[in-house]
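Visitor:
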Amino acid sequence: MTDPKTDTELGLEREFDQLRINQKESVRELELSSTETKTWRHTISNVIKSVVSIKLNQCVNLDGEGPYTGEATGFIVDSEKGIIITNRHVVGTGPFRGYAVFDNHEEADLKAIYRDPIHDFGFLQFRPKDIKFMEVTQLNLAPELAKVGTEIRVVGNDNGEKLSIMTGIISRIDRAPPEYGANTYNDFNTEYIQASASLSGGSSGSPVVNSEGLVVAIQAGGSFWASTDYFLPLFRAKRALNCIQKEVPITRGDIQVIWNSRPYGECERLGLPSQIEKSVRNEFPSANGLLCAKSVIPKGPCADLIKEGDILISINDEFIVSLVRVDEILDENVGKELKFTLRRGKRDSFDVFIPIGDLYKITPARYVQVFGSIFHETSYQLAANGHFPINGVVGNSVLYDDESCLIHSIDDKIIEDLDGFIDVLKQIPNGKRAPITYYTIVQNKDVEERRHTWYEFDRTWNSRFVLATRNDDTGLWDITDLAEGHEFPRLPSIEPEKATYKTIQFEESEDKKASLKQSVCNRFLRSLVEITVDTYISLDDQLCGRRSGTGIVLDPENGYVLAQHSTVRHDMCNVFITFGNSVEVSGKIVFMHPHHNLAVLKYDPLSIVADIQPNVLSVTPLKRGEKCLMVGSSSTSSILVNEVTIGGSSKRTSKFFEDYINLASFRMDPGPSGVTGIVCDYDGTIRGVWQNSNQFVGDMDPHAGYGTDITDLRYITDRLKNHESPSKLRIVDVHFNTLDLLKAKQCGVPSEWISKYNDPDSFEDSQFLEVTNSHAANISSDIEYPKNPLEQGDIVLTVDDKIVRTFKDINILHETLSLSYKVLRGREILDLTVPTVKVEDLFTSHLVSWCGLYLQKAPTDVQRARSSSPSGIYITSSHEGSPILVYDLTSQYITEINDQEVKTLEDFVKVVRKIPDNTYVKLRCISGNKPTTKVVRTDYHYFPTGEFKKDKEGKWVEISPIVTYRLENI
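Per the numbering used here, the sequence shown starts with residue 229, numbered consecutively.
1. Please say whether Leu290 and Thr271 have beta carbons closer to each other than 8 Å?
2. How would you write the range of the beta strand (DSSP E) that Trp487 sits in, first residue to last?
3. Answer with buried or exposed for His951, where buried requires no fewer than 16 other C-beta atoms within 10 angstroms of its C-beta.
4. Is Leu551 closer than 8 Å to Leu519 when the C-beta atoms are compared?
5. Can you give me the start and stop residues for the beta strand (DSSP E) that Asn470 sits inside?
6. Which of the three DSSP states, helix, strand or coil, is assigned to Ser523?
7. Tell me the rounded alpha-carbon separation between Gly623 and Ile669.
8. In terms of residue numbering, what span does the alpha helix (DSSP H) encompassing Trp682 cover?
9. If distances are taken between C-alpha atoms only, which option among Ile650, Val279, Ile346 comes closest to Ile393?
10. Under the rule that 16 or more other beta-carbon atoms within 10 Å means buried, what is Ile1112, buried or exposed?
11. Select from Ser625, Gly450, Arg480, Gly441 the residue whose C-alpha is nearest the C-alpha of Pro405.
12. Between the alpha carbons of Thr378 and Lys506, how many angstroms are there, rounded?
13. Could you check which residue in Phe581, Ala468, Arg572, Ala611 has the C-alpha nearest to that of Ile525?
14. Would you list the residues sitting across from Phe996 in a DSSP beta bridge?
15. Give the range of the alpha helix (DSSP H) segment to which Trp689 is assigned.
16. Exposed or buried, which one is Ser1095 when buried takes at least 16 other CB atoms within 10 Å?
17. Touch check for the stretch 579 to 586 and the stretch 438 to 448: three-plus C-beta pairs under 8 Å?
18. Counting pairs of beta carbons, one from the stretch 595 to 606 and one from the stretch 532 to 539, are three or more of them closer than 8 Å?
19. Could you tell me which whole beta strand (DSSP E) segments of length 3 or greater appear in the stretch 350 to 436?
20. For the candidate residues Val977, Gly481, His1074, whose alpha-carbon lies nearest to that of Thr1132?
21. So, with DSSP's three-state summary, where would you put Leu540?
22. Use the C-beta contact count for Glu511: other C-beta atoms within 10 angstroms, 16 or more gives buried, fewer gives exposed.
23. Please report how far the alpha carbon of Leu782 lies from the alpha carbon of Leu790, in whole angstroms.
24. By Cβ distance below 6 Å, which residues in the same chain neighbour Ser955 in space, the five residues on each side in sequence not counted?
25. Please state whether DSSP places Ser955 in a helix, a strand or coil.
26. Is the stretch 1039 to 1056 in contact with the stretch 894 to 904, if contact means three or more CB pairs nearer than 8 Å?
27. Assuming Thr702 is part of the beta strand (DSSP E), what are its boundary residues?
28. Just to confirm the assignment: which complete beta strand (DSSP E) runs, minimum length 3, are found wholly within the stretch 1032 to 1080?
29. Out of Ile311, Ile380, Asn843, point me to the one whose CA is closest to Phe459's CA.
30. Which same chain residues, not among the five before or five after Thr479, have their C-beta less than 6 Å away from its C-beta?
31. If the criterion is Cβ atoms closer than 8 Å, does the pair Val437 and Val275 meet it?
32. Taking 6 Å as the limit between beta carbons, can you name the residues of its chain near Gln671, skipping five residues before and five after?
33. What are the start and end residues of the beta strand (DSSP E) that includes Thr1173?
34. Measuring only the C-alpha atoms, how far is Gly302 from Pro592?
35. Determine which residues share a DSSP beta bridge with Asn802 and list them.
36. Can Gln484 and Thr456 be called in contact, C-beta distance under 8 Å?
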């Protein structure tokens, strides 16, 4: 007989028994977990064979989508026909280019064969025979298996990775569609599935599979602020796939009403009687509510029949609790009339009979590309976002605005549809400035919100006028040239208008000086004009768009206007000059200074009654301490009149802003901020110009501005008056920096030269000039010039035997081929012959567009930053949506094509003309000093090769049209 166990021993025994039980349960759980893991592992191994990574280009901005270059996911649903399903926002409404990368890294071209008008799914197709090293397998769609609590896996290209597998559990199957923005694609009239899988970019179009490998949904979107993801049910996609496989039409019907699901409690507050709720619950026990009208498209088939908040009870006497069922009924009854029973407030239920429309008729299948923008008929998608009728024409990225706009009228002609839009444009003469009225797409179409502008219908830079029509057989959009064989009307002559001006009235005074001040100010206010510059083609690393600034009429007799180079960035543009904020005339660029923030424009004096008196330009340089008048205007058209004192010179030698190289300028006290104007004597003699500084330069405040002595411009204005082009003159294209006398002495400048440089009568500080960039003259032009002997660190003593004290002494345009420079190099004084360069040779004169790339000789600002140029082929920008954008080649040089060396744009064009469309091309590029090799694909269908080139007179001539799909606002 054993001793009885103590309580402690009994307790320990019970703990050991429980531990053994827990261990057995853990073993069973591990066995079960292992079984589930094996099941999922087997499922995933089968699924990934059908999942593809999609590399895509949406080529144009159409229906609120694109242009876009990126990647997404899709999966095969028909291995025999090569059909891949992905999202609608991947396929896009407009032109699609792309290819699929399979699990074994084989690739196959894709074409778009279907995109749903509303829901976020579409189909792409590849040729199965193109996949030679793996078996092509498909996944089956089972949307009915999506249930709350179902464990899922999302297999796709998450955040650009080739393959990613994410885990989740379905938490809702009746979620409202996610909203992505006011002016972009949004799904509606369907329920969405919700789960937490923490997906990101690139996973769009991924299959959502259950443990059996069946696809229950497709990944569509997610939340930025949580790990929530949204999946589209595949009921409509499964039906569409069956139609494609059977080669029967995919009918899609709609009544132009956006519905949303409301719980019974809300429906009761909206007027739903309990007896109807009871009947619906009896028939659909799992339903939680009914459908209510969220939005009704104005002037649509239901505009006078259904109101927001109406409760949908039944269609053809069938209770409706699901948007899936609404889709089924409408799709099967296109062209028929159905009875809708609704409930509105406390009134009895009522019936309305509504014809079922065809969704494809309100989905864009054509667009016009003209003036660098895309136009198409208004779509259901945009109308639903903006709540306006589905009629008229929408323009994308037009009028210098990224927002889409609904065109109301052009040239006072109402635009009803795309054909009417084409007819109106064919009647507008080239160069006509005509009115446009429009609405921004995100606004309601109310009279108060209608906008009005004037638009220059100029085909000089964008002669391409084409109609593109979708072809689902080829997957391409067929291009028709609307300008071919059409002769546009000639622009009629216009009588010149008279400008009106503001006047300034000073307080009455007997002071003769005050009277003179008033007279001079009112006179020169007429010489201040507003300059607007529209650019449609990207050149010299500058984006397309609109810039504006203030100009000064220096010579009203000949129509010459002084402007800032920062406003007129290059000469592939249209220029408009506004007088007195009342009359606008066209202008042209006659001169741009390659170093200074200076450009000269010209308008026809006979095109306007400007009433500007001839100006007297001083021949006497300004001196420190002189008293002058400043008459100026700000960007907001505010008038400024100041008595000023001329100060010393300002240092404007920043290497970061090339508009201000080697510039001699003066300060004033007070120094006006943000103003452009004229500095003059009280008798009206112009002594200088004051320009607004819109960039930080040197030691100047970014808004303070700077002055230029008018005598520094006489060499320009005198030649213009004699009808000679300053662009034909020559310049030493070298950068200089300033050295004060002390610094110069420390650098070894002999004392006898130091004494020569002191000039107490100059308003500028005496200083030496030091060479900071000696490469510029060797590389800035396509023309071969003699080697520049100047070296970095050289200190200039004289030029052509004249002492150089300031920038002013070297800022002269010359006619001679070379100049004699005396410089100090080290401790030795040298005499050098320095070649000059034609001013016009420093600016771009040739532009080529190829497969979405803009190519030119590198801008001088870029070349000055290098010791040498790898080639004369520089990528200045690229089109959004182009096949080459993904390679990020902007600001690189091309040196070889398919291992063939190319040095000039002429070489480049000659080589690429022989390369077929839709083929791969090997490019050798140089970024910085690092060579890289890229293999890119040609696309001449949407991005044909275009070319502009200057003729002998310096005028741009279109060799072949350059494609521009997008304008950027500046």
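C-beta atoms are modelled at their ideal positions from N, C-alpha and C, and glycine is treated no differently.
Guide: Once the coordinates are examined:
1. No, the Cβ-Cβ distance between Thr271 and Leu290 is not below 8 Å.
2. Counting along the chain, Trp487 sits inside the beta strand (DSSP E) bounded by residues 485 to 491.
3. Of the other Cβ atoms in all chains shown, fewer than 16 fall within 10 Å of the Cβ of His951; this residue is therefore exposed.
4. Yes. Within cutoff.
5. Taken as a continuous stretch (DSSP letters only), Asn470 belongs to no beta strand (DSSP E), being part of the alpha helix (DSSP H) at 463 to 474.
6. Strand, per DSSP.
7. Approximately 9 Å between the Cα atoms of the pair.
8. Per DSSP, Trp682 lies in no alpha helix (DSSP H) segment; the continuous beta strand (DSSP E) that holds it begins and ends at 679 to 685.
9. Out of Ile650, Val279, Ile346, Val279 has the C-alpha closest to the C-alpha of Ile393.
10. By the neighbour-count definition (other C-beta atoms within 10 Å, threshold 16), Ile1112 is a buried residue.
11. Among Ser625, Gly450, Arg480, Gly441, the Cα nearest to that of Pro405 belongs to Gly450.
12. For Thr378 and Lys506, the gap between their C-alpha atoms comes out near 30 Å.
13. The candidate whose alpha carbon is nearest that of Ile525 is Ala611.
14. According to DSSP, Phe996 bridges with Leu967.
15. Segment: none, Trp689 is in no alpha helix (DSSP H) and carries neither H nor E.
16. Ser1095 is exposed by the Cβ-count criterion.
17. Too few Cβ pairs lie closer than 8 Å, so no.
18. Counting Cβ pairs under 8 Å, fewer than three are found: no touch.
19. Within the stretch 350 to 436, the complete beta strand (DSSP E) runs of at least 3 residues are 350 to 353, 379 to 384, 392 to 403, 420 to 424.
20. Checking every option, the nearest Cα to that of Thr1132 belongs to His1074.
21. Leu540 falls in the strand class under three-state DSSP.
22. Under this definition Glu511 is an exposed residue.
23. Between the alpha carbons of Leu782 and Leu790 lies a distance of about 7 Å.
24. Cβ neighbours of Ser955 beyond the five flanking positions: Phe819, Val1067, Glu1068.
25. Correct three-state label for Ser955: helix.
26. No: the two stretches stay apart, fewer than three of their Cβ pairs being nearer than 8 Å.
27. That residue, Thr702, is in no beta strand (DSSP E); it is neither H nor E in DSSP.
28. Runs found: 1046 to 1053, 1056 to 1063, 1074 to 1078.
29. Minimum Cα distance to Phe459 is reached at Ile380.
30. The beta carbon of Thr479 sits closer than 6 Å to the beta carbons of Asp559, Val562 from its chain, once the five residues preceding and following it are set aside; these are given in chain order.
31. Yes, they are a contact pair.
32. Only weak support exists for where Gln671 lies, its pLDDT of 47 falling under 50; the value from the coordinates is given anyway. Sequence-distant Cβ neighbours of Gln671 in its own chain, meaning closer than 6 Å and more than five residues away, are Glu677.
33. From DSSP, Thr1173 is part of no beta strand (DSSP E); its letter is neither H nor E.
34. Those two C-alpha atoms are separated by around 24 Å.
35. Asp762, per the DSSP bridge assignment.
36. Result no, Cβ atoms of Gln484 and Thr456 do not sit closer than 8 Å.
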